[in-house]
Amino acid sequence: MPALTLRDILALDPVRGSEPELLAGEGALDRPVRWVHSSEVYEGANFLDGGELLLTNGFGLTDADEDTRRRYVRELTARGAAGLAVEVGRSLVRMPEEVVDEARRLGLPLLALHRVVPFVRITEAANRAIVACGLSGRAASVRPWGGDHTAALLADLADGQALNQPEVEARAALAGFHPGPGARLVGVSAHGARELGVVDRAARSLGGVAVLRAAFPGDVLALVAMPDDAVRAVTARRDVVRAVQEAFRTVAEAGVTVAVGHAVLAGGGWLRWSETLRAARTTLELALTVPSAEPGPTGGPVVTSSRALTLERELTRGGVDANRDRLARLVQHTLGPLLAWEAAHPSDLVRTLEIHLRHGCSPTRTAALLHIGRQSLYQRLERIESLLGLEIDDPDLLGELLAALCAHRIVRGVPATAGGGLRTVA
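According to this note's numbering, the sequence shown is numbered sequentially starting from 869.
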């Protein structure tokens, strides 16, 4: 696997800005650097695993005697440190001669940093470069996208791979994706799009927001990053999810299905990035396999969101097959008489009930969506109440009825499989 060397680290702008002077270890500049740490404690060698470049302001060495300083260098070498960089001029006026002598004797690269540069800038730049350099060897043999670093990152996030924040930020930066900590991230998963242009067009309609996107066999995955000013520009109510949905609804072609995850803060950590992508991907799968509760658009794209399918996602948590028996029992217990009637008397009572409940039991709205008159609707509702032996506008029954109606669509729409489970990106 490719690795960043100490020589490469010295070429980074923040490191060069510290005016480094190599005092020892000239022959070891091509050794690989696994990570860059900073520590102000001279016992810092105990925390190293090998291959690290250690940064210190030298405070722990100022009052140490000669033997302690030499032992410090020996311990770093014994732990396999790639090098030691010491800031001189503040807490440590100059590099102690015994530190230089011991480093030369052991061949440990020793750097004197003559200008103050915050260590966080050095570690951030160096560790991002280290991660980026090592990406080409990351699981390429088992991933169908090989060296496509953007696809690999999105797949790892969507699959919930064990990552860390510096790695995710480094890999995102390698793909040119730099969301500020205050930006809102929204995961997007699309099926039926022939190319990535649909994501780019949606981004332009939102005001040129930052996008991380990649194509997979059959699907497209993306992270859309909207800074605060973009959020204010596209929606007065700051409803980021709705704005992203409308953008895709405007630019997507007929036959394309788009699922939008929930909005998360970019500064909330990589787990939040993963959550919105996973929600979008699961929502897309449900949108493709579970019959919709309401009449869909004619001739245009289908654009939905994780919050619109919250009930479906919760009922299928862990997979449809794992929940199939439980869902079937819920359906039979709650809707049994109604389903038996529909089996013997073809009608639209089940769908009528769900649409009515989803729209706040509004007769006007329900009748309009079903394209029937209000009187016909009242007749259907009376029949439903008679069959179930209840009043459908009873608030105590709303949750049970909606869950059962949703479970009915899931069980009816997703056939049992031997493998059991939704598709995955990989």
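Just so you know, even glycine gets a beta-carbon here, dropped at the ideal spot from N, CA and C.
Note that the structure is a prediction, hence the values are computed from the model and not measured.
Residue i versus residue j: straight-line alpha-carbon distance, rounded
| i | j | result |
| --- | --- | --- |
| L979 | R1072 | 47 angstroms |
| P1159 | R1277 | 6 angstroms |
| T1184 | A1272 | 13 angstroms |
| A1023 | L1031 | 12 angstroms |
| V988 | H905 | 9 angstroms |
| A896 | A971 | 12 angstroms |
| D1189 | V1279 | 9 angstroms |
| V1054 | L878 | 37 angstroms |
| A1008 | R1039 | Summary for A1008: the model assigns pLDDT 37, below 50, so the residue's position carries little reliability, and this model does not support an answer. |
| R1081 | G1281 | 30 angstroms |
| Y1246 | P1231 | 8 angstroms |
| E1210 | V1112 | 39 angstroms |
| S1004 | L1021 | Because S1004 carries a pLDDT of 42, less than 50, the predicted location of this residue cannot be relied on, and no value is offered for it. |
| E1268 | Q1200 | 12 angstroms |
| L1249 | A1134 | 47 angstroms |
| V956 | S886 | 10 angstroms |
| S1254 | G1167 | 38 angstroms |
| V1109 | T1172 | 10 angstroms |
| V995 | A1041 | According to the sequence provided, residue 995 is Asn. The question's Val does not apply to it. Their backbone Cα atoms lie some 12 angstroms apart in a straight line. |
| H1227 | L1089 | 31 angstroms |
| P1205 | V1066 | 46 angstroms |
| G1028 | R1146 | 8 angstroms |
| P888 | D917 | 24 angstroms |
| R1006 | T930 | Unreliable positioning characterises R1006 in this predicted model, as indicated by a pLDDT of 45, which lies under 50. The coordinate reading is nonetheless provided below. Whole-angstrom Cα-Cα distance: 42 angstroms. |
| R1175 | L1152 | 12 angstroms |
| Q844 | G893 | Any property of residue 844 remains undetermined from this structure, which presents the chain solely from 869 to 1294. |
| Q1243 | V1132 | 45 angstroms |
| L880 | I990 | 8 angstroms |
Cβ-Cβ separation, residue j to residue i (assumed contact under 8 angstroms), whole Å
| i | j | result |
| --- | --- | --- |
| A1297 | A1070 | Look at the range of the chain in this structure, 869 to 1294, and you will see that residue 1297 is not part of it. |
| V967 | V985 | Going by Cβ atoms, the distance from V967 to V985 rounds to 21 angstroms, so no, they are not a contact pair. |
| T1125 | A1058 | 7 angstroms |
| A1161 | I1223 | 7 angstroms |
| V954 | L981 | 7 angstroms |
| D1096 | G1136 | Going by Cβ atoms, the distance from D1096 to G1136 rounds to 15 angstroms, so no, they are not a contact pair. |
| R937 | G919 | So it is not a contact: roughly 23 angstroms between Cβ atoms. |
| G951 | L921 | 5 angstroms |
| T945 | L976 | 5 angstroms |
| R1181 | T1150 | 6 angstroms |
Residue span of the beta strand (DSSP E) that contains residue i, given as start and end
| i | result |
| --- | --- |
| D876 | From DSSP, D876 is part of no beta strand (DSSP E) but of the alpha helix (DSSP H) over 874 to 878. |
| V1088 | 1087 to 1094 |
| E1298 | Residue 1298 is absent from the structure shown; the chain starts at 869 and stops at 1294. |
| A1122 | It is not in any beta strand (DSSP E) - A1122 carries neither H nor E in the DSSP assignment. |
Boundaries of the alpha helix (DSSP H) in which residue i is found, first to last residue
| i | result |
| --- | --- |
| H1130 | First-last for H1130: 1125 to 1133, but that is the beta strand (DSSP E), not the alpha helix (DSSP H). |
| F1084 | Not the alpha helix (DSSP H): F1084 falls in the beta strand (DSSP E), residues 1078 to 1084. |
| S1244 | 1242 to 1256 |
| E1259 | Element bounds for E1259: n/a, residue is neither H nor E. |
| E934 | 934 to 946 |
| S1142 | 1138 to 1157 |
| A1020 | 1017 to 1026 |
| L1206 | 1188 to 1212 |
| L1042 | 1033 to 1042 |
| H1046 | Careful: H1046 lies outside any alpha helix (DSSP H) and carries neither H nor E. |
| H1224 | 1217 to 1226 |
| T930 | 927 to 930 |
Three-state class that DSSP yields for residue i in the structure shown
| i | result |
| --- | --- |
| A1275 | helix |
| G1055 | strand |
| H905 | strand |
| E889 | strand |
| L897 | coil |
| G951 | strand |
| S1174 | coil |
| P1235 | The displayed chain sequence assigns Ala, not Pro, to residue 1235. It is helical. |
| D1068 | helix |
| V883 | helix |
| V961 | coil |
| P1169 | coil |
| V1282 | coil |
| S1073 | helix |
| D1264 | helix |
| L916 | coil |
| R1185 | coil |
| A1115 | helix |
| V1108 | helix |
| E1063 | coil |
| E1162 | coil |
is_contact[residue i, chain B] using C-beta, thresh 7 angstroms
| i | result |
| --- | --- |
| L1255 | The displayed structure is made up of one protein chain only, and chain B is not part of it. |
- Can you list, in chain order, the stretches of the alpha helix (DSSP H) that have 4 or more residues and sit fully within the region 963 to 1002? 965 to 974, 987 to 1002
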